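Numbering (our numbering), first residue to last: 673 to 804.
Have a look at the structure below before the remarks.
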């Protein structure tokens with residue numbers, strides 16, 4: 673919860689509107705209950721970009737990526753956060769809360785929010801992601 677609260681405060685201070693899809697405790701939870709509403713909000717354009725947190729990041733990331741237009745990227749350091757945007761045009765940043773500090777999480781969010789998609793050869797690859 674410490675990372676979540678810090679990120680919500682940080683993103684709000686940057687001028688973004690923050691929408692909290694839960695959870696409100698550190699207790700174990702069913703991450704799909706929170707991932708699906710986040711994905712639906714990103715798909716509808718109500719939220720952009722999205723940020724998802726869970727222990728390892730894997731469960732929420734897998735669930736988010738079940739949605740056709742979601743490109744959720746599990747990031748664990750600055751370079752993976754940068755590349756997720758620059759090369760993959762990720763629209764949801766997923767962070768593994770058990771494995772990153774608050775400071776690392778804030779830094780990755782900043783990188784994710786300020787990195788633009790490179791396009792070019794990467795655009796062609798991203799366009800091949802959706803199932804036809």
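All C-beta atoms, glycine included, are put in the ideal place defined by N, C-alpha and C.
Quick caveat, the model's predicted, so the values are computed rather than measured.
Listed as beta-bridge partners of residue 723 by DSSP are 765. For residue 745, the uninterrupted beta strand (DSSP E) run begins and ends at 744 to 746, by DSSP.
Counting along the chain, the unbroken alpha helix (DSSP H) around residue 735 starts and ends at 730 to 736. Between residue 719 and residue 691 a beta carbon distance of about 6 Å is seen, short of the 8 Å cut, so the two are scored as contacting. The beta carbon of residue 763 is closer than 6 Å to those of 714, 721 and 743 in its chain, skipping five residues each way along the sequence. Cα atoms of residue 771 and residue 793: separation of roughly 32 Å, rounded to the nearest angstrom. Buried is the label assigned to residue 735, since at least 16 other Cβ atoms lie within 10 Å of its Cβ.
Here the segment 692 to 708 does not lie against the segment 777 to 794, with fewer than 3 beta-carbon pairs under 8 Å apart.
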